[in-house]
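Here's the structure we're looking at; comments come further down.
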Amino acid sequence: AQTVTQSQPEMSVQEAETVTLSCTYDTSENNYYLFWYKQPPSRQMILVIRQEAYKQQNATENRFSVNFQKAAKSFSLKISDSQLGDTAMYFCAFNDNNDMRFGAGTRLTVKP
Amino acid sequence: DGGITQSPKYLFRKEGQNVTLSCEQNLNHDAMYWYRQDPGQGLRLIYYSQIVNDFQKGDIAEGYSVSREKKESFPLTVTSAQKNPTAFYLCASASGTSSYNEQFFGPGTRLTVL
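Keeping their order, the protein sequence lines are chains A and B.
Note that the working numbering gives residue 8 to position 8 of the first sequence, counting from 1, and the numbers run on in steps of one.
Note that the working numbering gives residue 1073 to position 73 of the second sequence, counting from 1, and the numbers run on in steps of one.
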């Protein structure tokens, strides 16, 4: 079964600075999809960004971008110009054949 | 407004009682999912359904049951056979069954068994 590992249980960053959250996964498949979800204190899960494994170009969404290294099975999330509203749990997820797997999450705190 | 609703937000039950968590979506999505979230762990899939009157077990289906009689509704029953039911439960839906499709999540139900 596929597994997703987030090795940083907690991280903090100063407002306006950049932070990178790491994620690695294990799979024998070639076609799959990767996601980063955000869960703020309200506990509402919100999609941040997604990446298709067959696309070499890294996905970007405004201040959020990923560094997708397929050979290394790595999918890190970079948040630029961090804002107080970015404080949340961030979950990396892997989806193959409708089987979504989530990492344990990284708790990010943005400090003023 | 389109979205997913879960009710109630907080639920308390005595040990040994069955309890049903509601999940409704008006997004016209085909696929619906139930996840369990425990502290320090990611979301774990309980059940999912890709079409009305059909559903499949996820990784932790034991002690749970579901039904999908209507496209917009996917209730989850936590039975007395579930050994540790206290958790946060999230329902999600997706427009199709492709792995690319974003899953939209409801606000969750916090179940506490006393």
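For every residue, glycine included, the Cβ atom is placed at its ideal position computed from N, Cα and C.
Supposed close pair residue i, residue j - CB separation, criterion 8 Å
i        : j        : result
R1068(B) : V1078(B) : Contact doesn't hold; Cβ gap of about 17 Å is too wide.
I1004(B) : G1106(B) : 4 Å
T1112(B) : Y1089(B) : Their Cβ separation, rounded to whole angstroms, is 11 Å, which puts T1112(B) and Y1089(B) out of contact at 8 Å.
E1024(B) : E1072(B) : 6 Å
Q2(A)    : F75(A)   : With 8 Å as the limit, Q2(A) and F75(A) do not qualify as a contact, their Cβ atoms being about 12 Å apart.
M1032(B) : S1093(B) : 5 Å
Nearest neighbour of residue i, chosen from the options [CA to CA]
i        : options                                : result
G1063(B) : N1084(B), D1054(B), Q1025(B)           : N1084(B)
S1049(B) : Q1006(B), Q1082(B), L1111(B), C1091(B) : C1091(B)
P9(A)    : Y25(A), F91(A), A72(A), A53(A)         : F91(A)
A72(A)   : T27(A), L47(A), I49(A)                 : T27(A)
N30(A)   : P112(A), Q69(A), N62(A), L108(A)       : Q69(A)
K111(A)  : V4(A), V19(A), Q6(A)                   : V19(A)
Q1006(B) : Y1100(B), S1080(B), F1074(B), S1098(B) : F1074(B)
S1022(B) : W1034(B), H1029(B), N1028(B)           : W1034(B)
D1054(B) : K1070(B), Q1041(B), Y1010(B)           : K1070(B)
N62(A)   : Y54(A), A53(A), I49(A)                 : I49(A)
Q113(A)  : L1076(B), Q1041(B), S1093(B), V1066(B) : Nothing can be reported for residue 113(A): it is not among the residues displayed for chain A, which extend from 1 to 112.
Alpha-carbon to alpha-carbon, residue j and residue i
i        : j        : result
D96(A)   : G85(A)   : 31 Å
F1019(B) : Q57(A)   : Looking at the sequence provided, one finds Val at residue 1019(B) rather than Phe. Cα to Cα, V1019(B) sits roughly 46 Å from Q57(A).
G1058(B) : I1046(B) : 5 Å
C23(A)   : L77(A)   : 8 Å
T1086(B) : D1038(B) : 9 Å
M100(A)  : L1043(B) : 9 Å
I113(A)  : K1014(B) : Nothing can be reported for residue 113(A): it is not among the residues displayed for chain A, which extend from 1 to 112.
G103(A)  : G1016(B) : 31 Å
L1114(B) : Q14(A)   : 41 Å
Q1082(B) : S80(A)   : 43 Å
P1008(B) : T106(A)  : 27 Å
M11(A)   : L108(A)  : 5 Å
R43(A)   : M89(A)   : 9 Å
L1076(B) : D1030(B) : 17 Å
Y1100(B) : I1060(B) : 23 Å
V1066(B) : L34(A)   : 27 Å
Y32(A)   : N98(A)   : 10 Å
Y37(A)   : F1104(B) : 10 Å
A16(A)   : S65(A)   : 15 Å
A53(A)   : L1011(B) : 40 Å
Beta-bridge partners of residue i, as assigned by DSSP
i        : result
F35(A)   : R50(A), A93(A)
V1052(B) : V1052(B) is not bridged to any residue.
D86(A)   : According to DSSP, which records beta bridges pairwise, D86(A) is partnered with nothing at all.
T1086(B) : In the DSSP output, where bridge partners are listed per residue, T1086(B) has none listed.
D99(A)   : D96(A)
F64(A)   : E61(A), I79(A)
F1104(B) : S1093(B)
K1070(B) : S1073(B)
I1004(B) : Q1025(B)
K1057(B) : Y1047(B)
S1065(B) : T1077(B)
Where residue i meets chain D, residues with beta-carbon distance less than 8 Å
i      : result
F64(A) : Looking at the structure shown, chain D is missing, and the protein chains on hand are A and B.
Which residues, in order along the segment 45-59 of chain A, keep a beta-carbon less than 9 Å from a beta-carbon of chain B? M45, I46, L47, R50, E52
When Cβ atoms are compared, which residues of the segment 67-86 of chain A fall closer than 8 Å to chain B? none
Given a limit of 9 Å on CB to CB distance, which residues of the segment 1084-1107 of chain B reach chain A? F1088, L1090, A1092, A1094, T1097, S1098, S1099, Y1100, N1101, E1102, Q1103, F1104, F1105, G1106, P1107
Closer than 7 Å, Cβ to any Cβ of chain A: which residues of the segment 1053-1081 of chain B, in chain order? none
Given a limit of 7 Å on CB to CB distance, which residues of the segment 1021-1044 of chain B reach chain A? G1040, Q1041, G1042, L1043
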